[in-house]
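Visitor:
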Amino acid sequence: MSSGEVRILLTGCNGLVGSGIMHGMIRRGENIHGLFHNHRQRIDYYGWKADICSPCDLTDRSALKAVIEPYRPTVIIHCAEPYSHPQADGNNSAAMRSVAVMYNILTTAAESGVQQFLHMSSSMVYDHSSVISEKSNLSPISAKGKVKRMEELLCELFADRFRRLAYLRLFRMYAVHDQSDRLLSSLLSQSTSDEIITISSAPTYRSYVHVDDLVELLSQMLSSDKPWNICYNVASPQVHTAYDVSQLISTLMSDSEFCISYDSQFTTPADREYFRVDNTLVERDFGWRPSISLADGLTRLAQAYKKAPW
Numbered sequence: 005m006s007s008g009e010v011r012i013l014l015t016g017c018n019g020l021v022g023s024g025i026m027h028g029m030i031r032r033g034e035n036i037h038g039l040f041h042n043h044r045q046r047i048d049y050y051g052w053k054a055d056i057c058s059p060c061d062l063t064d065r066s067a068l069k070a071v072i073e074p075y076r077p078t079v080i081i082h083c084a085e086p087y088s089h090p091q092a093d094g095n096n097s098a099a100m101r102s103v104a105v106m107y108n109i110l111t112t113a114a115e116s117g118v119q120q121f122l123h124m125s126s127s128m129v130y131d132h133s134s135v136i137s138e139k140s141n142l143s144p145i146s147a148k149g150k151v152k153r154m155e156e157l158l159c160e161l162f163a164d165r166f167r168r169l170a171y172l173r174l175f176r177m178y179a180v181h182d183q184s185d186r187l188l189s190s191l192l193s194q195s196t197s198d199e200i201i202t203i204s205s206a207p208t209y210r211s212y213v214h215v216d217d218l219v220e221l222l223s224q225m226l227s228s229d230k231p232w233n234i235c236y237n238v239a240s241p242q243v244h245t246a247y248d249v250s251q252l253i254s255t256l257m258s259d260s261e262f263c264i265s266y267d268s269q270f271t272t273p274a275d276r277e278y279f280r281v282d283n284t285l286v287e288r289d290f291g292w293r294p295s296i297s298l299a300d301g302l303t304r305l306a307q308a309y310k311k312a313p314w
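First residue of the sequence shown? That's 5 in our numbering, and the numbers climb one at a time after it.
#1: Any idea if Ala299 is buried or exposed, counting beta-carbon neighbours within 10 angstroms, 16 or more meaning buried?
#2: Measuring CA to CA, which of Thr15, Asn283 and Asn108 is closest to Met124?
#3: Return helix, strand or coil for Leu188, following the three-state DSSP convention.
#4: Do the region 56-63 and the region 30-40 touch if we need at least three Cβ pairs shorter than 8 Å?
#5: When DSSP labels each residue in this structure, what does Ala246 get in the three-state scheme?
#6: Compute the beta-carbon to beta-carbon distance between Asp224 and Phe290, rounded to the nearest angstrom, for a pair I have assumed lies under 8 Å.
#7: Please name the residue, chosen from Ala84, Tyr75, Val21 and Val79, that lies closest to His4 on a Cα-to-Cα basis.
#8: Give me the Cα-Cα distance between Trp292 and Leu221, rounded to the nearest whole angstrom.
#9: Nearest to Ser102 by alpha carbon, out of Ser254, Leu62, Ile145 and Asp248?
#10: In the DSSP assignment, find the alpha helix (DSSP H) that holds Thr112 and state where it starts and stops.
#11: Three-state secondary structure (DSSP) at Ser6?
#12: Given a cut-off of 8 Å, decide if Val243 and Ser211 are closer than it, judged by their beta-carbon atoms.
#13: Just to confirm the assignment, what range does the alpha helix (DSSP H) spanning Phe162 have?
#14: If you follow the beta strand (DSSP E) that Pro59 is part of, which residue opens it and which one closes it?
#15: Going by beta-carbon coordinates alone, are Ile25 and Val286 separated by less than 8 Å?
#16: So the alpha helix (DSSP H) Leu285 belongs to, where does it begin and stop?
#17: From which residue to which residue does the alpha helix (DSSP H) around Tyr49 run?
#18: Along the chain, where does the beta strand (DSSP E) containing Gln119 start, and where does it finish?
#19: Is Asp131 buried or exposed, if buried means 16 or more other CB atoms sit within 10 Å of its CB?
#20: Alpha carbons only, please: which of Phe166, Ser126, Arg176 and Ile136 is nearest the one belonging to Met154?
#21: Residue range of the alpha helix (DSSP H) that Tyr75 falls in?
#22: Please state whether DSSP places Ala306 in a helix, a strand or coil.
#23: Within a Cβ cutoff of 8 Å, which residues of the same chain sit near Ile234, ignoring the five residues on either side of it in sequence?
#24: Could you check how far apart the C-beta atoms of Ala239 and Phe175 are, in whole angstroms? I think they sit under 8 Å.
#25: When DSSP labels each residue in this structure, what does Gly24 get in the three-state scheme?
#26: Reducing DSSP to helix, strand and coil, say where Phe270 ends up.
#27: Leu305 and Leu218 look like a contact to me (Cβ under 8 Å); what is the Cβ gap, rounded to whole Å?
#28: Do Ile80 and Val105 have their C-beta atoms within less than 8 Å of each other?
#29: Give every residue of the same chain whose Cβ lies closer than 7 Å to the Cβ of Ala67, excluding the five residues on either side of it in the sequence, and list them in chain order.
#30: Anyone know if the C-beta pair for Met177 and Lys148 falls short of 8 Å?
#31: Between the beta-carbon of Val135 and the beta-carbon of Arg280, is there less than 8 Å?
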């Protein structure tokens with residue numbers, strides 16, 4: 005994707021995934037403008053100026069239109085998550101706000117002639133199948149998973165209003181500015197102390213993807229003339245337990261004084277083949293496979309975590 009060919013409008017540029025995409029696209033020299041609602045922490049950290057990012061209330065269609073029409077994006081990447089805060093879980097008004105934002109963006113983008121739309125969805129729309137493909141049963145358990153599925157359905161309703169539209173079901177994304185309430189950064193933050201870290205976790209596997217691999221996929225999708233499938237899984241074929249993660253971090257932070265212990269309920273499943281995410285579609289259409297191993301990604305995260313203000 006060469007600079008100047010694509011004008012990207014990115015919502016949620018201050019979030020975990022959004023700021024990773026923003027940072028990655030800027031490094032690639034792409035024409036991108038980010039929108040945020042509040043919480044400038046990551047924006048200030050990267051030093052982004054008003055010419056490349058601006059505040060916008062996504063519930064206000066007139067405000068959205070005032071941004072979209074003069075900028076004339078060729079693609080909108082929707083990362084904003086009004087429902088993402090833990091305190092929002094089970095909050096019906098927060099859920100409806102997320103769905104309303106999705107509707108506002110799709111409607112305004114279609115009316116303004118935007119040709120391409122990419123929505124960052126979540127693996128939380130799936131049930132707990134052992135092998136997950138885009139055709140797997142959708143039975144979200146959490147409120148956030150149900151909201152994400154509603155957003156996907158809106159995308160499907162609007163699909164014929166765009167030249168290309170897709171939603172990406174992201175599995176366990178992480179970045180150099182990961183949030184402190186997530187497993188990876190929580191372990192890293194505690195590793196700087198001399199405390200004993202106790203891990204209590206269900207015996208489940210997780211598929212981790214570094215946000216830089218997501219940026220690579222988005223670049224491939226936007227540079228390709230191929231039609232998009234409506235839905236793609238974005239995951240790593242390698243799966244890891246909390247135990248795997250803790251051992252990797254223990255190795256990385258071997259110069260620290262911290263110690264990891266596991267409570268009596270902690271177990272590790274024996275069969276790694278029980279859980280697998282099928283990436284066949286995205287690999288078939290774009291030749292994409294994640295290139296950053298969890299060990300490499302955690303090394304980057306450990307180095308950046310010591311500098312970042314969160």
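Backbone N, C-alpha and C define an ideal beta-carbon position, used for all residues, glycine too.
Guide: By the coordinates alone:
#1: exposed
#2: Thr15
#3: helix
#4: yes
#5: helix
#6: It should be pointed out that residue 224 corresponds to Gln in this sequence rather than to Asp. Confirmed, Cβ separation roughly 4 Å.
#7: The structure shown does not extend to residue 4, since the chain is modelled only from 5 through 314, so no value can be given for it.
#8: 6 Å
#9: Leu62
#10: Asn96 to Glu115
#11: Residue placement at Ser6 is poorly supported in this model, since its pLDDT is 41, which falls under 50; the coordinates still yield a value, given next. DSSP places Ser6 in coil when its eight states are reduced to three.
#12: yes
#13: Ala147 to Phe162
#14: Cys57 to Pro59
#15: no
#16: Thr284 to Phe290
#17: Gln45 to Tyr50
#18: Per DSSP, Gln119 belongs to no beta strand (DSSP E) and is neither H nor E.
#19: exposed
#20: Ser126
#21: Arg65 to Tyr75
#22: helix
#23: Cys159, Glu160, Ala163, Leu169, Ala170 and Tyr171
#24: 4 Å
#25: helix
#26: Residue placement at Phe270 is flagged as unreliable, the pLDDT there being 49, under the threshold of 50; a coordinate-derived value is accordingly withheld.
#27: Their Cβ separation, rounded to whole angstroms, is 15 Å, which puts Leu305 and Leu218 out of contact at 8 Å.
#28: no
#29: Cys60 and Asp61
#30: no
#31: yes
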